[in-house]
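S.K.: Got a structure for you, questions after.
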Amino acid sequence: MKERQDAWSEENDWQLAETVLRYVREGSTQLKAFEEAGDRLNRTAAACGFRWNAVVRQQYVREMGTAKKQRKDYFHILARREKNIEVADHTVETPAGNSANLGISLAQVISFLTNLESKAASTAEVEQLRKELAIIKEEKAELEKKLEQTQQENITMQEDYETLMRIMNRARQTVLLADNDPSPAFKMEKNGNLEKIAE
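Our numbering applies: residue 918 is where the sequence shown begins, and numbers increase by one.
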C-alpha cells in the first residue's frame, strides 16, 4: 500500500506536541501553537489543530497536565515577583540550581519581559491620554467661560434694545399727542412781538 505524501510522521507528531506543550506552559493559546507548528511543518494551523485533537493529544495527556501545572506555578511566581519589582538598574544573581527548581525556561522569561514591556508601553499611553484629557478639560473650561460671556453680552444687548424701544414708543406717542393738540398760531407784529391769532 502506497503511503500518502502528506501523511503525519512520528517526528511531525512529536514536533506538534512539543510546540503545543511549550505554549501551554508559557500561558499562550493552543491556536498560536498550531500556527507556529504549521509554519514549522509546512501545514495549515487547522490541519495541526485537527491532528492534535484527533490523535496526538491522547498520547500526551500526562505531559499536558504537567504543562498546565507548570503554567499555574509560573504565573503564581510571576504574580508574586511583579508585586515586588522595583524599577532599578541592577542585576540579581541566582545560583544555577535554583532556576531548575522554579521550572522557568528562557522562553518564559522572555515572555514575561515582553508582557512587562507592553505594560510599560500601556502605562505611557495612559499617561499621554491623561495629558490630552487635561488639555481638553482646559479648552472646555475656556469655551464655557466664553459662552457665559457671550450670553451676558446678549442679555445686555437685549436690555439696551428694550430700553431703545421704550424711548421710541414714548417719542411716537408724544408726536401723536402733539398732532391731536392743535398748536396755536402766532403772527409777528412790526415791533417784533408775537401775537396769538384767534381761531
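We put the beta carbon where it would ideally sit given N, CA and C, even for glycine. Computed from a prediction, not measured in an experiment: that's the story for all the values here.
Just the Cα atoms here: how many angstroms apart are residue 980 and residue 938?
M.R.: 7 Å
S.K.: Taking its Cβ as the centre, do 16 or more other Cβ atoms sit within 10 Å of residue 1078, making it buried, or is it exposed?
M.R.: exposed
S.K.: Mind reading off the beta-carbon distance from residue 973 to residue 933? Whole number of angstroms is fine, and I expect it under 8 Å.
M.R.: 6 Å
S.K.: Buried or exposed, going by whether 16 or more other CB atoms sit within 10 Å of the CB of residue 978?
M.R.: exposed
S.K.: Against chain D, with Cβ distances strictly below 7 Å, would residue 963 count as a contact?
M.R.: Judged by its chain identifiers, the structure shown contains no chain D, having just a single protein chain.
S.K.: Consult DSSP for residue 926 and reduce its assignment to one of helix, strand or coil.
M.R.: coil
S.K.: Helix, strand or coil, according to DSSP, for residue 986 in the structure here?
M.R.: Residue state, collapsed to three classes: helix.
S.K.: For a quick check, are the C-beta atoms of residue 942 and residue 988 less than 7 Å apart?
M.R.: yes
S.K.: Just list the residues that DSSP pairs residue 1112 with in beta bridges.
M.R.: Answer is 1104.
S.K.: Going by C-alpha to C-alpha distance, which of 949, 948, 964 and 1037 sits closest to residue 924?
M.R.: 964
S.K.: Tell me whether residue 961 sits in a helix, a strand or coil according to DSSP, three-state version.
M.R.: Of the three classes helix, strand and coil, the one that applies to residue 961 here is coil, per DSSP.
S.K.: If you draw a straight line from the alpha carbon of residue 1060 to that of residue 1000, how long is it in whole angstroms?
M.R.: 44 Å
S.K.: Compute the Euclidean distance between the alpha carbons of residue 966 and residue 975, then round it to the nearest angstrom.
M.R.: So the two alpha carbons sit approximately 13 Å from each other.
S.K.: Near residue 930, which residues of its chain fall below 6 Å by C-beta distance, leaving aside the five closest residues on each side in sequence?
M.R.: So the list reads 973, once near-sequence residues are dropped.
S.K.: Suppose the cutoff is 6 Å on Cβ atoms and the five residues either side in sequence are ignored; what does the same chain contact list for residue 956 look like?
M.R.: none
S.K.: Answer with buried or exposed for residue 1046, where buried requires no fewer than 16 other C-beta atoms within 10 angstroms of its C-beta.
M.R.: exposed
S.K.: Determine the DSSP secondary structure at residue 1009, reduced to helix, strand or coil.
M.R.: Only weak support exists for where residue 1009 lies, its pLDDT of 48 falling under 50; the coordinates are left without a value.
S.K.: Are the CB atoms of residue 936 and residue 953 within a distance shorter than 7 Å?
M.R.: yes
S.K.: Taking buried to mean at least 16 other C-beta atoms within 10 Å of its own C-beta, is residue 950 buried or exposed?
M.R.: Looking at its Cβ environment, which holds 16 or more other Cβ atoms inside 10 Å, residue 950 is buried.
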